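Protein chains in written order, with the UniProt record's numbering: chain P, 1 to 241; chain S, 1 to 241. Here is the structure we will look at.
Number of protein chains: 2
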Amino acid sequence: MVKNKFQMIYEQIAKEIQNGTIKAGEFLPSEHELRQQYHTSRETVRKALKLLSEQGYIQKMQGKGSIVLDMSKFNFPISGLVSYKEVSEKLGHRSKTTVISLREIELDSSLKAEFYLDESANGTVWELVRVRDIDEEAIILDKDYLLTSMVPDLTEEISENSLYEYIESELGLAISFAKKEITVEIPTKEDRTLLDLEDYSLVVVVKSHVYLEDTTQFQLTESRHRPDKFRFVDFARRRQR
Amino acid sequence: MVKNKFQMIYEQIAKEIQNGTIKAGEFLPSEHELRQQYHTSRETVRKALKLLSEQGYIQKMQGKGSIVLDMSKFNFPISGLVSYKEVSEKLGHRSKTTVISLREIELDSSLKAEFYLDESANGTVWELVRVRDIDEEAIILDKDYLLTSMVPDLTEEISENSLYEYIESELGLAISFAKKEITVEIPTKEDRTLLDLEDYSLVVVVKSHVYLEDTTQFQLTESRHRPDKFRFVDFARRRQR
DNA sequence: CAGTGGTCTAGACCACTAT
DNA sequence: TAGTGGTCTAGACCACTGT
Numbered sequence: 001m002v003k004n005k006f007q008m009i010y011e012q013i014a015k016e017i018q019n020g021t022i023k024a025g026e027f028l029p030s031e032h033e034l035r036q037q038y039h040t041s042r043e044t045v046r047k048a049l050k051l052l053s054e055q056g057y058i059q060k061m062q063g064k065g066s067i068v069l070d071m072s073k074f075n076f077p078i079s080g081l082v083s084y085k086e087v088s089e090k091l092g093h094r095s096k097t098t099v100i101s102l103r104e105i106e107l108d109s110s111l112k113a114e115f116y117l118d119e120s121a122n123g124t125v126w127e128l129v130r131v132r133d134i135d136e137e138a139i140i141l142d143k144d145y146l147l148t149s150m151v152p153d154l155t156e157e158i159s160e161n162s163l164y165e166y167i168e169s170e171l172g173l174a175i176s177f178a179k180k181e182i183t184v185e186i187p188t189k190e191d192r193t194l195l196d197l198e199d200y201s202l203v204v205v206v207k208s209h210v211y212l213e214d215t216t217q218f219q220l221t222e223s224r225h226r227p228d229k230f231r232f233v234d235f236a237r238r239r240q241r
Numbered sequence: 001m002v003k004n005k006f007q008m009i010y011e012q013i014a015k016e017i018q019n020g021t022i023k024a025g026e027f028l029p030s031e032h033e034l035r036q037q038y039h040t041s042r043e044t045v046r047k048a049l050k051l052l053s054e055q056g057y058i059q060k061m062q063g064k065g066s067i068v069l070d071m072s073k074f075n076f077p078i079s080g081l082v083s084y085k086e087v088s089e090k091l092g093h094r095s096k097t098t099v100i101s102l103r104e105i106e107l108d109s110s111l112k113a114e115f116y117l118d119e120s121a122n123g124t125v126w127e128l129v130r131v132r133d134i135d136e137e138a139i140i141l142d143k144d145y146l147l148t149s150m151v152p153d154l155t156e157e158i159s160e161n162s163l164y165e166y167i168e169s170e171l172g173l174a175i176s177f178a179k180k181e182i183t184v185e186i187p188t189k190e191d192r193t194l195l196d197l198e199d200y201s202l203v204v205v206v207k208s209h210v211y212l213e214d215t216t217q218f219q220l221t222e223s224r225h226r227p228d229k230f231r232f233v234d235f236a237r238r239r240q241r
């Protein structure tokens with residue numbers, strides 16, 4: 001699957017930490033030892049350790065070694081661009097996705113602005129509206145806009161499964177980065193109609209601009225959550241100053 | 001200040017991007033050229049570019065080069081562990097911090113759990129309560145808990161300025177990483193008393209567990225925001241699968 | 001094809017931590 | 001002092017992009 005040596009080492013060690021083969025609080029073998037174990041150079045080992053550190057698996061300490069962190073304290077960070085399907089599978093939620101509507105619409109001014117397109121641009125986007133049920137309650141309203149120029153064929157069936165899977169595996173597009181913005185807003189009529197909002201007077205809105213490897217923006221997602229069920233967890237490292 | 005070559009290169013290029021010396025959509029010089037410009041090796045150049053890429057300055061494209069991204073689209077991500085003072089300075093907000101209370105309290109069960117301490121542990125923590133005014137309105141309630149064993153002396157004066165500055169510069173402690181959690185809750189009486197909540201029936205709560213380089217947890221922060229003023233922006237890259 | 005970035009190597013020297 | 005991670009080097013080969 002992945003052929004890079006440093007990715008292999010990363011995955012191997014990550015697995016050992018998840019297994020409990022190496023426990024929180026213990027030190028990894030030194031970079032020198034890992035170099036021998038994996039028959040590789042030190043820089044390659046260090047690339048793997050850098051990844052582990054960024055993902056919150058380990059903490060590197062100069063002069064001492066790399067200690068394994070207790071990731072159970074961090075319970076599943078949702079950061080780092082993961083799709084709803086990937087997250088909910090990890091959590092083992094009883095979730096269901098219903099496609100409310102899927103249609104091709106003309107780019108209007110507001111969409112052009114969101115896609116940073118020129119006002120003179122024209123074309124169409126897919127507008128996809130989905131509701132996520134968790135434990136039999138309609139909790140999340142997902143509104144997606146995708147440029148039809150990049151995703152020509154989209155069906156309700158694909159939308160019920162994972163968009164990302166289809167885009168990455170079938171279309172071969174490489175999703176690279178995103179800007180996410182979390183705000184709190186007053187529910188729209190659509191929110192009230194489609195979600196089980198109970199008495200809540202606000203919804204949490206996660207707006208994402210998603211970009212491909214070639215820096216073209218191809219997706220805009222607005223994820224509207226019932227506030228009591230919303231939870232965002234992030235693991236962040238402080239940059240050296 | 002920073003002596004590492006790759007950090008210097010990173011800062012230099014970052015500055016040129018912020019200046020507009022290199023504009024969004026343009027390509028950086030190739031790694032080969034940068035190596036010559038900075039009289040260094042290619043791996044060192046690559047370390048700098050890796051950082052730029054992680055921070056959202058550039059996008060690397062194999063076979064083509066490194067293109068400068070339009071960061072104005074991302075307007076100031078707040079992720080990556082930056083203190084309130086650092087953020088509000090960047091934004092140029094008219095903000096004011098008021099210390100409501102600062103006292104030393106015994107660790108109770110709930111705090112021990114938050115600090116992942118054994119139930120048999122004992123000791124004290126600083127409990128610091130501050131209100132942040134933005135444009136003359138009380139918008140954010142910050143509740144901090146710091147282990148007194150690590151931060152023996154804390155004064156109201158320090159608390160009004162930046163805690164992090166004091167901790168890093170004065171105490172020489174190295175803040176390394178944090179877990180952040182964003183949820184939405186019903187306001188407490190304290191929230192209602194101290195904040196200008198208007199008619200809002202919910203507050204956004206950002207809870208952070210902050211760790212030092214040696215992996216000891218030393219701070220717990222609960223930042224409670226009036227929902228209409230809350231905004232969290234994040235730039236995330238998708239990990240290769 | 002030439003030019004670009006991606007991976008990997010073997011080795012050097014430095015800074016920090018322990019004993 | 002020995003062992004650890006942090007930085008830097010010079011070079012090799014590969015994969016991808018454009019012409």
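Even for Gly, the Cβ is constructed at its ideal location relative to N, Cα and C. Computed from a predicted model, the values in this text were never measured in an experiment.
How many Å lie between residue i and residue j at the Cα?
i        : j        : result
P/Lys23  : P/Tyr38  : 20 angstroms
S/Phe115 : S/Gln217 : 7 angstroms
P/Leu220 : P/Thr148 : 12 angstroms
S/Asp142 : P/Leu194 : 35 angstroms
P/Gly172 : P/Glu11  : 23 angstroms
S/Ile13  : S/Ser159 : 35 angstroms
S/Val151 : S/Ile167 : 8 angstroms
S/Asp196 : S/Ser95  : 14 angstroms
S/Ser169 : S/Met71  : 30 angstroms
S/Leu28  : P/Gln36  : 37 angstroms
S/Arg46  : P/Glu33  : 26 angstroms
S/Leu107 : S/Ser120 : 10 angstroms
P/Gln55  : P/Asp234 : 10 angstroms
DSSP three-state label for residue i, please.
i        : result
S/Ala178 : strand
S/Leu173 : coil
S/Ala24  : coil
S/Val96  : Checking the sequence shown, residue 96 of chain S turns out to be Lys, not Val. The answer is strand: DSSP assigns S/Lys96 an E or B state.
S/His225 : strand
P/His32  : helix
S/Ser41  : coil
S/Thr183 : strand
P/Leu194 : helix
S/Gln219 : strand
S/Phe115 : coil
P/Pro6   : First, the amino acid is wrong: residue 6 of chain P is Phe here, not Pro. Helix.
S/Leu147 : strand
S/Tyr200 : coil
Quick check: is the beta carbon of residue i nearer than 9 angstroms to any beta carbon in chain P?
i                      : result
residue 244 of chain S : Examination of residue 244 of chain S is not possible in this model, given that chain S is present from 1 through 241 alone.
S/Arg132               : no
S/Phe74                : yes
S/Gln59                : yes
S/Leu202               : yes
S/Asp135               : no
S/Glu198               : no
S/Pro187               : no
S/Leu69                : yes
S/Lys179               : yes
S/Thr44                : no
Please determine, among the options, the residue with the shortest C-alpha to C-alpha distance to residue i.
i        : options                                  : result
S/Leu202 : S/Lys189, S/Lys3 and S/Ile100            : S/Lys189
P/Ser223 : P/Tyr145, P/Asp118, P/Phe177 and P/Leu49 : P/Tyr145
S/Glu185 : P/Arg231, P/Val206 and P/Ala48           : P/Arg231
S/Ile67  : S/Phe74, S/Thr215 and S/Ser30            : S/Ser30
S/Asp153 : S/Lys179, S/Phe6 and S/Trp126            : S/Trp126
S/Ala48  : S/Ile140, S/Ile9, S/Glu198 and S/Arg192  : S/Ile9
S/Asp199 : S/Arg226, S/Glu157 and S/Gln7            : S/Arg226
S/Glu137 : S/Glu104, S/Ser110, S/Thr98 and S/Leu28  : S/Thr98
P/Ile182 : P/Leu163, P/Val204 and P/Asn161          : P/Val204
S/Val131 : S/Asp191, S/Leu111, S/Thr215 and S/Lys3  : S/Asp191
S/Gln18  : S/Glu43, S/Leu69 and S/Thr40             : S/Leu69
Is there a C-beta anywhere in chain S that falls below 9 angstroms from the one on residue i?
i        : result
P/Gly56  : yes
P/Ser30  : no
P/His39  : no
P/Pro227 : yes
P/Ser176 : yes
P/Phe235 : yes
P/Thr193 : no
P/Thr183 : yes
P/Tyr116 : yes
For residue i, write down the residues that DSSP places opposite it in a beta bridge.
i        : result
S/Gly65  : S/Met61
S/Ser101 : S/Val129
S/Ala138 : S/Asp133
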